[in-house]
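Per this note's numbering, the very first residue in the sequence shown carries number 100; after that it's consecutive. The beta-carbon is built from N, C-alpha and C at its ideal position, and this holds for glycine as well. Contents: one structure, followed by commentary.
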Amino acid sequence: MQLQEVVLCSTSSQDPTAGAGAIVIHDIQTGAVLASFKQTNAGPRGVAVLESRSTQGGFMLAAQSDKSILNVYNYQKDQLALKIVLPEKLSCIAVDVRGDFCAAGTSQGRIYLWEISSGILYNAWDAHYRAVNVLRFTSDGAALVSGSDDSGVSVWSVSRLVNEDLQQELPAPFCTLTDHTLPVTDIVYGLGVFPNCRILTASADHSVKVWDLSTKSLLTTFQFPHIISMLAWDTTERFFFAVSAEGSIYQINMFRQKPRFGGQAIQAVGGLGTNDVVRIDEEYLQSQKKRLIQVGQPVSAISISLSATWLLVGTASGHIHIYDIPSHQLLRSISAHKGFSITHLQTMMKPPDLSGHISIDFKVGASADLKDTIPVKSVVPFQRTRDAKAREAHEVLVLLKDTTSPPPDFGNFYGGDEFLKEHAFFVQPVANDVPTEVNSVSLQSRVHDLENEVEQLRSQLGKAKGVNDTMWDTVVKRLVDQGKPKESEDSEESKRNRKRGRTGN
């Protein structure tokens with residue numbers, strides 16, 4: 100199976116006569132519809148997705164904006180797989196990277212945490228005083244970050260939330276970030292495992308702030324002329340996009356070129372703490388040689404492609420615009436959802452178990468079920484109240500590797516393990532298993548090169564001192580020579596005066 104990046108979007112309609120929205124997967128190159136999952140009407144931040152892997156199928160969760168219902172879909176069929184009744188209507192949901200836990204926020208400031216495979220409600224607590232607007236798991240799933248209308252951002256340790264010994268206590272956050280003054284509108288996380296990672300938070304106070312979770316401190320504040328409603332951060336943290344409610348999109352670089360002797364140096368932007376404020380105005384944009392992306396209509400969703408070369412923008416009128424990031428040029432638009440609003444937008448690799456797009460490389464018999472080839476991640480109805488007995492009797496579901504039969508042929512499917520292995524090879528050329536002798540030889544060679552460089556610098560310094568001494572001697576001698584005639588004239592004049600004095604006597 101060839102690697103293919105696709106676009107997953109969710110649509111909803113505010114007009115009841117227009118019908119329900121859908122979750123749709125598009126070809127990112129042509130815009131063609133690859134799959135459509137209907138009968139859903141999820142609002143902003145109401146969709147959470149777990150991508151399929153080579154050994155396990157993923158799922159999609161869609162919290163309905165008008166009722167306390169959670170729709171569950173998987174990629175292997177285009178029909179509703181499960182409908183879960185919730186304790187109350189949700190304002191936002193999130194799923195961790197492994198698909199183990201689902202977190203949900205409400206308009207009352209309450210957060211729920213379920214285990215997806217068992218449906219057990221591990222925790223439910225009043226996390227904020229006002230509505231929870233956004234929830235994000237960190238990249239390793241170890242922490243949950245929540246943003247609210249009360250202007251607060253709280254970071255919660257998942258291990259503490261599911262700890263059986265702490266179930267009778269009110270959960271305490273790992274840290275609370277309180278520098279915003281108005282409701283928090285969006286949160287995105289960066290590289291690294293918790294707590295060695297950074298997050299971006301946007302607020303209605305016109306600011307975007309960069310936080311370091313390891314030190315629980317504010318690094319930099321970017322102040323914008325408009326309210327920032329959503330963010331998209333490059334996976335390597337080189338830049339981020341900030342979207343205003345009017346449809347203007349700012350590209351903010353996290354590094355800048357600083358002139359120095361002999362060339363250019365790359366310098367990180369900000370990092371000085373609370374007093375470090377970068378104002379984004381016309382002068383700043385001109386200095387960065389970046390112009391605004393003007394969409395011309397309200398933006399409802401935004402995402403960056405996997406290669407970080409395209410920016411995908413979803414609008415309230417149902418369009419998906421694809422821009423080239425280096426040039427900010429509009430490449431193409433997908434107009435298959437007119438009359439609906441794009442409430443969720445992301446890119447991912449085409450699921451290997453996508454309904455209607457099963458590759459012949461699987462080589463599965465006609466009588467075989469696709470679920471026997473790629474089992475779907477288990478999703479069961481969620482508990483509506485906490486049940487201590489259910490937690491005690493809980494059995495952990497683990498997908499074991501089948502060692503009795505050869506694995507199915509997935510062609511050239513690029514698995515997560517292979518990606519991590521090759522990524523480690525490129526970013527860490529010298530691995531931990533490299534023999535010590537090789538490291539010592541390389542180190543000795545480097546030391547020898549540095550010693551030669553030091554000797555050359557000493558030689559050049561000696562030559563420079565010699566030139567300096569020569570110039571000094573030349574200047575001193577010239578000054579001495581210029582002073583000699585004047586001294587001789589003065590001596591002859593003094594002799595004549597002495598003779599005159601003798602004659603007078």
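The beta-bridge partner set that DSSP reports for Ser-216 is empty. Looking only at Pro-270, Gly-413, Val-287, His-325, the smallest Cα-Cα distance to Leu-234 is reached by Val-287. Annotation for Val-257: the continuous alpha helix (DSSP H) segment containing it runs 257 to 260. Beyond the five residues adjoining it in sequence on each side, Asp-249 comes within less than 7 Å, by CB distance, of His-227, Tyr-228, Arg-229 in the same chain, given in chain order. The Cβ atoms of Ser-167 and Ser-190 do not sit closer than 8 Å to each other.
Classified as exposed, Thr-314 has fewer than 16 neighbouring CB atoms from the shown chains inside 10 Å of its CB.
Scanning its chain for C-beta atoms nearer than 8 Å, with the 5 sequence neighbours on each side dropped, one finds around Ala-242 the residues Phe-236, Val-254, Trp-255, Ser-256, Val-257, Phe-273, Phe-293, Pro-294, Leu-312, in chain order. Rounded to the nearest angstrom, the gap between the Cα atoms of Asp-126 and Leu-405 is 14 Å. Taking each of Gln-482, Thr-129, Phe-323, Asp-452 in turn and checking the Cα distance to Lys-476, the smallest one comes out for Asp-452. DSSP links Ile-326 through a beta bridge to no other residue.
Note on geometry: alpha-carbon atoms of Pro-474 and Gln-155 lie some 5 Å from one another.
The alpha-carbon of Ala-415 is positioned some 27 Å away from that of Cys-201. Met-570 sits exposed, since fewer than 16 C-beta atoms from the chains shown fall within 10 Å of its C-beta. Collapsing the DSSP output to three states places Asn-173 in a strand. Between Ser-111 and Thr-442, the C-beta gap is smaller than 8 Å, which places the two residues in contact. Going by beta carbons, Ile-419 and Ile-348 fall outside the 8 Å limit.
Val-287 has Leu-299 as its beta-bridge partners, per DSSP. Just so you know, the alpha carbons of Gly-346 and Arg-337 end up roughly 23 Å apart. For the pair Val-309 and Arg-297, the CB atoms are nearer than the 8 Å cut-off. When DSSP reads this structure, Thr-275 sits in a beta bridge with Ser-253. Taking the Cα positions, Val-196 is about 50 Å away from Val-553. Three or more pairs of CB atoms, one per stretch, sit closer than 8 Å, so the segment 203 to 222 contacts the segment 181 to 189. The bridge partners DSSP lists for Tyr-422 are Leu-410, Leu-429. Here Lys-437 carries a coil assignment [DSSP, helix/strand/coil].
The beta-bridge partner set that DSSP reports for Ala-331 consists of Phe-340. Per DSSP, the unbroken beta strand (DSSP E) holding Ala-141 starts and ends at 141 to 149. Annotation for Ala-487: the continuous alpha helix (DSSP H) segment containing it runs 487 to 491.
Going by DSSP, Tyr-349 is part of the beta strand (DSSP E) stretching over 347 to 352.
Remark: C-beta atoms of Ser-454 and Ala-134 approach each other more closely than 8 Å. Look at Leu-179 here: in three-state DSSP terms it is coil, with no helix or strand label.
For Ala-121, the pairing in a beta bridge is given by DSSP as Lys-137. The beta carbon of Arg-483 sits closer than 8 Å to those of Val-184, Leu-185, Pro-186, Leu-220, all from its chain and outside the five residues before and after it, given in chain order.
About 18 Å separates the Cβ atoms of Thr-275 and Ala-303, ruling out a contact at the 8 Å cut-off. Here Gly-218 really is in contact with Val-479; their C-beta atoms are around 4 Å apart, less than 8 Å.
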